[in-house]
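Asker: I am attaching a structure below and will ask some questions about it afterwards.
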Amino acid sequence: MTAILRLKKITCVTQAETFTDELYVTFYGTKVSLPSMTQGQAEDLDIQFVFEGSSNLNLFENDGDHWYDRDDFIAQHLITESPGMPTLEFHATSGNARGAHYTMDVSVTPP
0 MTAILRLKKI TCVTQAETFT DELYVTFYGT KVSLPSMTQG QAEDLDIQFV FEGSSNLNLF
60 ENDGDHWYDR DDFIAQHLIT ESPGMPTLEF HATSGNARGA HYTMDVSVTP P
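Rendered as structure tokens:
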């Protein structure tokens, strides 16, 4: 069985970087860039993934491809084929993104 994960909206509660956070997600083997965000900003999204089973939706802050400063992992959520429309909380609790906090409205539906 397959399902569709739709990313609908992201909100920056607290950003990780001083100026802007350059964000991306990974899910089911795919990496997708998101809008750059600052504290208090909300952006509508129109991103979807078709998947089977379950996979982690990972949120990262992009620091570029530097040997001295890798991308910062913020948080992840396990997404399953169960239908729903949750708001996911992404809180960074360690690493260079510590303190970053985002919410993301998503939906999971049958194809």
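In terms of numbering that gives the first Met the number 0, the sequence shown is numbered consecutively and its last residue is 110. No residue lacks a Cβ here, since even glycine has one placed at the ideal position from N, Cα and C.
#1: Does the beta-carbon distance from I78 to L4 come in below 7 Å?
#2: Could you tell me the distance, in whole angstroms, from the CA atom of V12 to the CA atom of Q75?
#3: What whole-angstrom Cβ distance do E80 and G52 have, given they're in contact under 8 Å?
#4: Mark E60 as exposed unless 16 or more other C-beta atoms lie within 10 angstroms of its C-beta, in which case mark it buried.
#5: Identify whether Y27 lies in helix, strand or coil by the three-state DSSP scheme.
#6: Tell me whether the beta-carbon of P110 lies closer than 7 Å to the beta-carbon of T1.
#7: Taking M36 as the reference, which of T102, V49 and D45 has the closest Cα?
Answerer: Looking at the coordinates:
#1: The residue you call residue 78 lines up with position 79 of the sequence shown. The residue you call residue 4 lines up with position 5 of the sequence shown. Yes, these two residues count as a Cβ contact at 7 Å.
#2: As a first step, residue 12 must be located in the sequence shown, where it is residue number 13. As a first step, residue 75 must be located in the sequence shown, where it is residue number 76. Each residue's Cα considered, the two are about 16 Å apart.
#3: Mapped onto the sequence shown, residue 80 falls at position 81. Mapped onto the sequence shown, residue 52 falls at position 53. Going by Cβ atoms, the distance from E80 to G52 rounds to 7 Å, so yes, they are a contact pair.
#4: On the sequence shown, position 61 is the one that residue 60 refers to. Buried is the call here.
#5: The count along the sequence shown starts at 1 and reaches residue 27 at position 28. Coil at Y27, not helix or strand.
#6: As a first step, residue 110 is located in the sequence shown; it is residue number 111 there, counting from the start. As a first step, residue 1 is located in the sequence shown; it is residue number 2 there, counting from the start. Yes.
#7: One-based indexing of the sequence shown puts residue 36 at position 37. Here the closest residue by C-alpha is T102.
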